[in-house]
Amino acid sequence: MISLDQVCVSRGGRRILDSVSIQLTPGKITAIVGPNGSGKSSLLKVMVGAIAPTEGTACVDRRPLADWKRKELARVLAYLPQSSERPNGMTVEEVVACGRFAHLPPWANLNAEDRAVVAQALQQTEMLSQAEVVVDNLSGGEMQRVWLATVLAQGADLLLLDEPNSFLDLSHQLELMELIQRLNQDLNKTIALVIHDLNQAIQWCDEVVVMKAGKVQAAGAITLLQDPLLLKEVFNLSCQFVRVPGNHKPVLQASLYRMENGAA
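Listed below in C-alpha coordinates is the structure:
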(Lines of atoms letter the chains of each structure in order from A and count residues from 1; the text may use other names and numbers.)
(Lines give C-alpha, C1' and ligand atoms only; values in the text may rest on other atoms or scores of the structure.)
Protein backbone atom coordinates (compact mmCIF):
# COMPACT_ATOMS: atom_id res chain seq x y z
CA MET A 1 0.00 0.00 0.00
CA ILE A 2 1.07 3.63 -0.48
CA SER A 3 2.76 5.51 2.33
CA LEU A 4 4.45 8.92 2.35
CA ASP A 5 6.90 9.91 5.07
CA GLN A 6 7.84 13.58 5.50
CA VAL A 7 7.54 14.20 1.76
CA CYS A 8 8.46 17.64 0.48
CA VAL A 9 8.30 18.84 -3.12
CA SER A 10 9.82 22.15 -4.22
CA ARG A 11 9.42 23.87 -7.58
CA GLY A 12 11.01 27.20 -8.47
CA GLY A 13 11.93 27.88 -4.87
CA ARG A 14 8.37 27.26 -3.65
CA ARG A 15 7.20 24.36 -1.49
CA ILE A 16 4.36 22.59 -3.27
CA LEU A 17 4.19 19.84 -0.64
CA ASP A 18 5.53 20.38 2.86
CA SER A 19 6.33 17.51 5.25
CA VAL A 20 3.45 15.29 4.10
CA SER A 21 3.10 11.99 5.96
CA ILE A 22 0.08 9.82 5.12
CA GLN A 23 -0.80 6.20 4.49
CA LEU A 24 -3.73 4.97 2.43
CA THR A 25 -5.82 2.40 4.26
CA PRO A 26 -6.23 -0.81 2.21
CA GLY A 27 -9.78 -1.49 1.09
CA LYS A 28 -11.01 2.05 1.72
CA ILE A 29 -12.08 5.01 -0.44
CA THR A 30 -10.06 8.07 0.54
CA ALA A 31 -11.07 11.58 -0.51
CA ILE A 32 -8.33 14.17 -1.00
CA VAL A 33 -9.85 17.62 -0.54
CA GLY A 34 -8.64 21.18 -0.22
CA PRO A 35 -8.79 24.59 -1.89
CA ASN A 36 -7.35 25.15 -5.35
CA GLY A 37 -3.55 25.17 -5.25
CA SER A 38 -3.37 23.24 -1.99
CA GLY A 39 -1.25 20.43 -3.48
CA LYS A 40 -3.89 17.75 -4.08
CA SER A 41 -2.86 16.84 -7.62
CA SER A 42 0.83 17.04 -6.72
CA LEU A 43 0.16 14.61 -3.88
CA LEU A 44 -1.32 12.07 -6.31
CA LYS A 45 1.60 12.56 -8.71
CA VAL A 46 4.04 11.75 -5.91
CA MET A 47 2.03 8.62 -5.08
CA VAL A 48 2.22 7.39 -8.68
CA GLY A 49 5.87 8.31 -9.15
CA ALA A 50 5.28 11.13 -11.64
CA ILE A 51 6.94 13.60 -9.24
CA ALA A 52 9.95 12.62 -7.16
CA PRO A 53 10.05 14.00 -3.61
CA THR A 54 12.64 16.68 -2.94
CA GLU A 55 12.79 15.31 0.59
CA GLY A 56 11.24 12.31 2.33
CA THR A 57 10.18 8.94 0.96
CA ALA A 58 7.21 7.57 -0.98
CA CYS A 59 6.64 3.81 -0.91
CA VAL A 60 4.29 1.24 -2.42
CA ASP A 61 4.09 -1.97 -0.42
CA ARG A 62 7.04 -0.72 1.64
CA ARG A 63 9.25 -0.39 -1.44
CA PRO A 64 10.43 3.07 -2.54
CA LEU A 65 8.71 4.12 -5.74
CA ALA A 66 12.09 4.63 -7.39
CA ASP A 67 12.74 0.88 -7.08
CA TRP A 68 9.69 -0.12 -9.11
CA LYS A 69 9.83 -0.80 -12.84
CA ARG A 70 7.14 0.96 -14.83
CA LYS A 71 5.17 -2.11 -15.90
CA GLU A 72 5.54 -3.72 -12.49
CA LEU A 73 4.08 -0.64 -10.80
CA ALA A 74 1.29 -0.38 -13.37
CA ARG A 75 0.06 -3.84 -12.44
CA VAL A 76 -0.63 -2.75 -8.85
CA LEU A 77 -1.42 0.96 -9.26
CA ALA A 78 -3.55 2.78 -11.85
CA TYR A 79 -3.68 6.56 -12.22
CA LEU A 80 -6.29 8.79 -13.85
CA PRO A 81 -4.81 12.29 -14.31
CA GLN A 82 -6.87 15.45 -14.20
CA SER A 83 -6.64 15.85 -17.97
CA SER A 84 -5.12 13.92 -20.86
CA GLU A 85 -4.63 14.71 -24.52
CA ARG A 86 -7.27 13.02 -26.65
CA PRO A 87 -5.66 10.41 -28.95
CA ASN A 88 -7.25 11.48 -32.22
CA GLY A 89 -8.13 8.81 -34.74
CA MET A 90 -8.43 5.95 -32.23
CA THR A 91 -11.65 4.17 -31.36
CA VAL A 92 -12.97 3.95 -27.82
CA GLU A 93 -12.05 0.27 -27.65
CA GLU A 94 -8.50 0.93 -28.89
CA VAL A 95 -7.93 3.58 -26.22
CA VAL A 96 -9.25 1.38 -23.42
CA ALA A 97 -7.14 -1.53 -24.67
CA CYS A 98 -4.05 0.58 -23.94
CA GLY A 99 -4.80 -0.10 -20.27
CA ARG A 100 -3.60 -3.67 -20.80
CA PHE A 101 -0.01 -2.65 -21.70
CA ALA A 102 1.31 -3.66 -18.28
CA HIS A 103 0.19 -7.25 -18.84
CA LEU A 104 1.60 -7.75 -22.35
CA PRO A 105 5.07 -8.74 -23.56
CA PRO A 106 6.65 -6.31 -26.06
CA TRP A 107 4.81 -6.21 -29.41
CA ALA A 108 2.24 -8.76 -28.24
CA ASN A 109 -1.41 -8.51 -29.25
CA LEU A 110 -4.37 -8.72 -26.91
CA ASN A 111 -5.56 -12.24 -26.18
CA ALA A 112 -9.12 -13.33 -25.40
CA GLU A 113 -8.70 -12.63 -21.69
CA ASP A 114 -7.43 -9.10 -22.36
CA ARG A 115 -10.35 -8.38 -24.68
CA ALA A 116 -12.80 -9.64 -22.07
CA VAL A 117 -11.27 -7.28 -19.49
CA VAL A 118 -11.56 -4.37 -21.94
CA ALA A 119 -15.20 -5.21 -22.67
CA GLN A 120 -15.98 -5.39 -18.96
CA ALA A 121 -14.37 -2.00 -18.35
CA LEU A 122 -16.42 -0.50 -21.17
CA GLN A 123 -19.59 -2.03 -19.77
CA GLN A 124 -18.87 -0.75 -16.25
CA THR A 125 -18.50 2.80 -17.59
CA GLU A 126 -21.49 2.52 -19.97
CA MET A 127 -19.32 2.95 -23.06
CA LEU A 128 -19.62 -0.55 -24.55
CA SER A 129 -22.19 0.58 -27.12
CA GLN A 130 -19.68 3.17 -28.37
CA ALA A 131 -16.69 0.83 -28.54
CA GLU A 132 -16.19 1.43 -32.28
CA VAL A 133 -16.73 5.20 -32.13
CA VAL A 134 -13.67 7.34 -32.88
CA VAL A 135 -12.85 9.38 -29.77
CA ASP A 136 -12.66 12.61 -31.82
CA ASN A 137 -16.47 12.52 -31.86
CA LEU A 138 -17.04 12.16 -28.10
CA SER A 139 -18.16 14.81 -25.65
CA GLY A 140 -15.92 15.78 -22.75
CA GLY A 141 -17.99 13.68 -20.35
CA GLU A 142 -17.89 10.65 -22.62
CA MET A 143 -14.13 11.00 -23.00
CA GLN A 144 -13.76 11.10 -19.23
CA ARG A 145 -15.58 7.78 -19.00
CA VAL A 146 -13.25 6.34 -21.65
CA TRP A 147 -10.25 7.34 -19.52
CA LEU A 148 -11.83 5.74 -16.47
CA ALA A 149 -12.47 2.55 -18.45
CA THR A 150 -8.79 2.55 -19.45
CA VAL A 151 -7.83 2.71 -15.78
CA LEU A 152 -10.19 -0.16 -14.96
CA ALA A 153 -8.79 -2.26 -17.82
CA GLN A 154 -5.38 -1.95 -16.20
CA GLY A 155 -6.57 -4.37 -13.52
CA ALA A 156 -4.75 -2.75 -10.60
CA ASP A 157 -6.06 -3.04 -7.05
CA LEU A 158 -5.06 0.54 -6.19
CA LEU A 159 -6.73 3.38 -8.10
CA LEU A 160 -5.62 7.02 -7.91
CA LEU A 161 -8.16 9.34 -9.52
CA ASP A 162 -7.59 13.08 -9.99
CA GLU A 163 -10.98 14.80 -10.18
CA PRO A 164 -12.71 11.91 -11.99
CA ASN A 165 -15.98 13.87 -12.02
CA SER A 166 -14.54 16.54 -14.31
CA PHE A 167 -16.74 17.26 -17.35
CA LEU A 168 -19.54 14.99 -16.08
CA ASP A 169 -23.10 16.20 -15.56
CA LEU A 170 -24.68 15.58 -12.16
CA SER A 171 -26.36 12.28 -13.04
CA HIS A 172 -23.12 10.87 -14.45
CA GLN A 173 -21.22 12.15 -11.41
CA LEU A 174 -23.50 10.14 -9.16
CA GLU A 175 -23.24 7.09 -11.43
CA LEU A 176 -19.46 7.38 -11.29
CA MET A 177 -19.45 7.58 -7.49
CA GLU A 178 -21.70 4.50 -7.38
CA LEU A 179 -19.25 2.71 -9.68
CA ILE A 180 -16.32 3.70 -7.47
CA GLN A 181 -18.18 2.36 -4.44
CA ARG A 182 -18.95 -0.93 -6.24
CA LEU A 183 -15.31 -1.34 -7.23
CA ASN A 184 -14.39 -0.86 -3.60
CA GLN A 185 -17.04 -3.07 -2.05
CA ASP A 186 -17.27 -5.86 -4.64
CA LEU A 187 -13.65 -6.04 -5.84
CA ASN A 188 -11.90 -4.67 -2.74
CA LYS A 189 -10.20 -1.90 -4.71
CA THR A 190 -8.35 0.69 -2.66
CA ILE A 191 -9.22 4.09 -4.11
CA ALA A 192 -7.94 7.61 -3.52
CA LEU A 193 -9.57 10.47 -5.40
CA VAL A 194 -9.22 14.22 -5.54
CA ILE A 195 -12.70 15.69 -5.23
CA HIS A 196 -14.08 19.21 -4.77
CA ASP A 197 -17.65 18.37 -3.78
CA LEU A 198 -17.51 17.90 -0.01
CA ASN A 199 -21.01 16.41 0.11
CA GLN A 200 -20.03 13.73 -2.39
CA ALA A 201 -16.94 13.03 -0.31
CA ILE A 202 -19.06 12.68 2.84
CA GLN A 203 -21.61 10.45 1.14
CA TRP A 204 -19.28 8.08 -0.73
CA CYS A 205 -15.87 8.02 0.93
CA ASP A 206 -14.55 6.30 4.05
CA GLU A 207 -11.53 8.47 4.85
CA VAL A 208 -10.21 11.91 4.00
CA VAL A 209 -6.97 13.84 3.60
CA VAL A 210 -7.50 17.59 3.99
CA MET A 211 -4.87 19.77 2.29
CA LYS A 212 -4.07 23.46 2.57
CA ALA A 213 -1.01 25.29 1.22
CA GLY A 214 0.86 22.05 0.60
CA LYS A 215 0.35 20.68 4.10
CA VAL A 216 -1.95 18.03 5.53
CA GLN A 217 -4.36 19.82 7.85
CA ALA A 218 -6.20 16.67 8.90
CA ALA A 219 -6.38 13.00 7.91
CA GLY A 220 -8.59 10.20 9.13
CA ALA A 221 -12.23 9.15 9.07
CA ILE A 222 -14.54 10.99 6.68
CA THR A 223 -16.40 12.37 9.71
CA LEU A 224 -13.59 14.94 9.95
CA LEU A 225 -15.49 16.85 7.28
CA GLN A 226 -18.29 17.35 9.79
CA ASP A 227 -16.03 19.61 11.87
CA PRO A 228 -17.18 23.23 11.32
CA LEU A 229 -13.93 24.65 12.70
CA LEU A 230 -11.84 22.63 10.25
CA LEU A 231 -13.99 23.70 7.30
CA LYS A 232 -13.79 27.31 8.42
CA GLU A 233 -9.99 27.17 8.70
CA VAL A 234 -9.36 25.35 5.42
CA PHE A 235 -12.16 26.54 3.12
CA ASN A 236 -13.33 29.76 4.81
CA LEU A 237 -16.81 28.28 5.09
CA SER A 238 -19.56 28.71 7.65
CA CYS A 239 -21.25 25.31 7.83
CA GLN A 240 -24.16 23.45 9.28
CA PHE A 241 -25.28 19.87 8.75
CA VAL A 242 -28.82 18.67 8.15
CA ARG A 243 -30.35 15.22 8.12
CA VAL A 244 -32.27 14.07 5.05
CA PRO A 245 -34.88 11.30 5.40
CA GLY A 246 -33.55 8.05 3.95
CA ASN A 247 -29.92 9.18 4.11
CA HIS A 248 -27.87 8.06 7.11
CA LYS A 249 -25.16 10.62 6.36
CA PRO A 250 -25.56 14.36 7.02
CA VAL A 251 -25.73 16.91 4.22
CA LEU A 252 -23.44 19.93 4.37
CA GLN A 253 -24.95 23.37 3.93
CA ALA A 254 -22.30 26.04 3.60
CA SER A 255 -21.81 29.74 2.98
CA LEU A 256 -18.71 31.92 2.94
CA TYR A 257 -17.52 32.75 6.42
CA ARG A 258 -17.54 36.48 7.11
CA MET A 259 -16.13 38.39 10.03
CA GLU A 260 -18.75 40.03 12.21
CA ASN A 261 -18.04 43.16 14.20
CA GLY A 262 -14.34 42.78 13.43
CA ALA A 263 -14.10 39.48 15.33
CA ALA A 264 -13.79 35.89 14.12
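Per the numbering used here, residue 1177 is the first one in the sequence shown, and the count goes up by one each step.
We put the CB at the ideal spot given by N, CA and C, even for glycine.
| Val1224, enclosing alpha helix (DSSP H) - first and last residue | 1216 to 1224
| Which partner residues of Cys1235 appear in the DSSP bridge assignment? | Ser1179, Pro1240
| query | What residues are listed by DSSP as bridge partners for Lys1245? | reply | Its beta-bridge partners do not exist; DSSP assigns none.
| Residue range of the alpha helix (DSSP H) that Glu1289 falls in? | 1288 to 1300
| query | Per DSSP, which one or two residues make a beta bridge with Glu1383? | reply | Thr1206, Ala1397
| query | From what residue to what residue does the alpha helix (DSSP H) around Arg1321 run? | reply | 1316 to 1329
| task | Quick one: using the 10 Å Cβ neighbour count with 16 as the cut-off for buried, is Asp1243 buried or exposed? | result | exposed
| query | Where in the stretch 1331 to 1366 do unbroken runs of the beta strand (DSSP E), each at least 3 residues long, occur, reported from the N-terminal end onward? | reply | 1334 to 1338
| message | Please tell me whether Val1311 and Val1272 are closer than 8 Å, where the distance is taken between their beta carbons. | response | no
| said: What does the alpha-carbon distance come out to for the pair Ser1217 and Ala1395? | reply: 16 Å
| query | In its own chain, which residues sit with a C-beta less than 6 Å from the C-beta of Ala1207, not counting the 5 before and 5 after it? | reply | Ile1371, Ala1377, Cys1381, Val1384
| Any idea what DSSP makes of Asp1403, helix, strand or coil? | coil
| request: Could you tell me if Ala1397 is buried or exposed, where buried requires 16 or more neighbouring beta carbons within 10 angstroms of its beta carbon? | output: exposed
| request: Could you name the residues of the same chain whose beta carbon sits closer than 6 Å to that of Val1236, not counting the 5 residues immediately before and after it, in chain order? | output: Ile1178
| field | Same chain, Cβ closer than 8 Å to Asn1423, five either side skipped, listed in chain order | value | Gln1379
| task | Please work out which residues of its chain come closer than 6 Å, Cβ to Cβ, to Pro1487, disregarding the five sequence neighbours upstream and downstream, and give them in chain order. | result | Residue 1487 is absent from the model: the chain starts at 1177 and stops at 1440.
| said: Tell me which residue opens and which closes the beta strand (DSSP E) that Ala1254 is part of. | reply: 1253 to 1256
| So Ile1227 packs on Val1392, CB below 8 Å; how close in whole Å? | In fact, because the Cβ distance is near 16 Å, the residues do not count as touching under 8 Å.
| task | Spatial neighbours of Phe1417 within its chain, please: CB distance less than 8 Å, with the 5 preceding and 5 following residues excluded, ordered by chain position. | result | Gln1402, Pro1426, Val1427, Leu1428, Gln1429
| CA-CA distance, Ser1302 and Arg1321? | The identity of residue 1302 in the sequence shown is Glu, whereas the question assumes Ser. When rounded, the distance between both Cα atoms is 8 Å.
| request: Starting from Val1271, trace the alpha helix (DSSP H) both ways and give me its first and last residue. | output: 1268 to 1273
| message | Here's the rule I'm using: 16 or more other beta-carbon atoms within 10 Å means buried, otherwise exposed. How should Glu1354 be labelled? | response | exposed
| request: For Leu1241, I'd like the list of residues in its chain whose CB is within less than 6 Å of its CB, leaving aside the five on either flank, ordered along the chain. | output: Gly1225, Ala1234
| Do Val1183 and Val1209 have their C-beta atoms within less than 8 Å of each other? | no
| task | With Asp1194 as the anchor, note down where its beta strand (DSSP E) starts and where it stops. | result | 1190 to 1199
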